[in-house]
Structure formats: structure tokens, C-alpha cells
Amino acid sequence: MKFFVDTAEIDAIAELNDLGMVDGVTTNPSLILKSGRDIIEVTAEICALVDGPVSAEVVAMEAEAMIAEGRKLAEIADNITIKLPLTWDGLKACKVLSDEGRMVNVTLCFSANQALLAAKAGATFISPFIGRLDDIHLDGMDLIADIRTIYDNYGYETNILAASIRSVNHVQDCALVGADVMTAPPEVIKKLATHPLTDKGLEQFMADWAKTGQNIL
Ligand code: G3P
0 MKFFVDTAEI DAIAELNDLG MVDGVTTNPS LILKSGRDII EVTAEICALV
50 DGPVSAEVVA MEAEAMIAEG RKLAEIADNI TIKLPLTWDG LKACKVLSDE
100 GRMVNVTLCF SANQALLAAK AGATFISPFI GRLDDIHLDG MDLIADIRTI
150 YDNYGYETNI LAASIRSVNH VQDCALVGAD VMTAPPEVIK KLATHPLTDK
200 GLEQFMADWA KTGQNIL
């Protein structure tokens, strides 16, 4: 499973990228707001830092304007993925931009039928939002599994990009049900390395080592 990092914070992306943990980046208008940066400038910096796809989201509501914004965002760098909302206009823009050979990420997906439409419109990525389904007491992971089944049934090549990941369990479950990619905030990715038994074991080893009176260097 590929790891995308869901942020527009350069320092956080760089730290994970240096460790080889970043296969791509996703942003959205809320994350641009949080960064306090200009969308074009910060997206260009991210694209220069990361080799993989970098999603930048349009904000227009109508297809023609979405297409124009998507083309402008795509001028930033070759690894730009144009992010479009899963609306009828978004699907129209997806078809046009995909036919031009551009990478498209269709976002705000909350049903398997929506994912089916995105695949038929040529999306490179479909972004089902797990956490936001969990928030309303539905099972976001069931949606990932359903999309996996449907795409495999018919050989759709659209990549399932599990989004709105809030916990380490979400990451593990996505890998188990076969998401192609997951995008998570940096803090969730870093938390994957932690386990209370690791901390406990290390504490014991350090205590015993101190009693040996030895040094390695
Ligand atoms: O990738 C989409 C993500 O940013 C949404 O996450 O936690 O706001 O639902 P969240």
C-alpha cells in the first residue's frame, strides 16, 4: 500500500520524505488554509520535494471552471494530480482532464456507486473518506472493501486512495482490505511506529544495560 501524506506543511512532508515514507501528497482547501500559504507557492514547493503525485484541489463548482482551474494547477509541475469533487460537474471535468492525460483524484466519495462513476469517468484515484463516515456511525472500511470488490470485478484501474484516515487502525484495516493508497496526517503516520510493548521492552533493556556498566562506543 502506498503512503500519501495529507498535509500542506512542508517541514512535516520533508521529515517523512527523508525516511522514504512518502509516495505522494494530498492537499485540500482546508489544509491550504491551515498552512497559511499561497496555494500555488506551497504546492510548487511540495512538488519539488516529492517525486510522487501531489493532489491540488479545484474550488470551482461548474465543470468548465473546474477544467480551467485544473489546467492551471497542472502547470505547477508534472506530478500534479488535479483533485475534483464527486459531483456531476466534477465527473464531467474528470472525463475531460483524464482524456488529456492528466492525473485526476476524485474526492469526497461516500458511496460505492460514486466510486463506480469516478472509475467510468477515467479517474486515476478515488478518495473515499473513512473517518467522516465513521463520524456518522457508518463503517468507512466497508466502503473501501465494497469499492475494492467492484473495481476488481470489472478490472477498473482507478486507484483506491483511502482518505480521512484518523487512526493507526484505519491504516492497518485499509491495508487488509486492499486499498491501493492511504493518505493520512503526518502524526498518524508517525504513530504507526509506536507500541506500548516496544516502550516497555526498551525501558527494561536500558535499565539492564545500565547495570552492566558497559559502553559500546
Ligand atoms: O484527505 C481528506 C482528509 O483531509 C479529510 O480528513 O479528517 O478532515 O475528515 P478529515
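For the sequence shown, numbering that gives the first Met the number 0 gives the first residue as 0, with consecutive numbering after it. For each residue, glycine too, the CB sits at the ideal point set by N, CA and C.
Using a 10 Å radius around the Cβ and a threshold of 16 neighbouring Cβ atoms, would you call residue i buried or exposed?
i	result
S237	No answer is possible for residue 237: it lies beyond the span of the chain, which begins at 0 and ends at 216.
K210	exposed
E74	exposed
D172	buried
H194	exposed
A192	exposed
E186	exposed
Y155	buried
D5	buried
M102	buried
H136	exposed
N16	buried
N104	buried
May I have the straight-line CA-CA distance separating residue i from residue j, to the nearest angstrom?
i	j	result
I125	M205	46 angstroms
T26	E56	7 angstroms
I122	T157	Position check: residue 122 holds Ala in this sequence, whereas Ile was assumed. Going by the C-alpha atoms only, they are around 6 angstroms apart.
I45	V21	11 angstroms
F109	P84	11 angstroms
A183	F2	8 angstroms
W218	L216	The requested residue 218 does not occur in the structure, where the chain is confined to residues 0 to 216.
D98	T197	49 angstroms
A178	I143	7 angstroms
A76	V58	19 angstroms
V49	I9	10 angstroms
E202	A67	57 angstroms
G51	G19	11 angstroms
D145	A117	14 angstroms
D70	A114	It is worth fixing the name first, because residue 70 is Arg in this sequence and not Asp. Rounded to the nearest angstrom, the two C-alpha atoms are 23 angstroms apart.
A161	G212	49 angstroms
G35	N152	43 angstroms
K82	S54	6 angstroms
T106	F128	8 angstroms
E61	K119	19 angstroms
Any chance the CB of residue i is under 6 angstroms from a heavy atom of the ligand G3P?
i	result
R101	no
T25	yes
D133	no
T182	yes
S163	yes
D5	yes
G130	yes
Could you give the residue range of the beta strand (DSSP E) that holds residue i?
i	result
F3	1-5
V53	53-56
Can you tell me where the alpha helix (DSSP H) with residue i in it begins and where it stops?
i	result
S34	28-34
L72	62-73
L85	Neither: L85 is in no alpha helix (DSSP H) and is coded neither H nor E.
Are the C-beta atoms of residue i and some chain C residue less than 7 angstroms apart?
i	result
E202	Judged by its chain identifiers, the structure shown contains no chain C, having just a single protein chain.
Subject >> Start-end ranges of the alpha helix (DSSP H) lying completely within the stretch 147-199, minimum 4 residues >> reply: 167-176, 185-190
Subject >> 4-residue-minimum alpha helix (DSSP H) runs that sit fully inside the stretch 86-127, ordered along the chain >> reply: 87-98, 111-119
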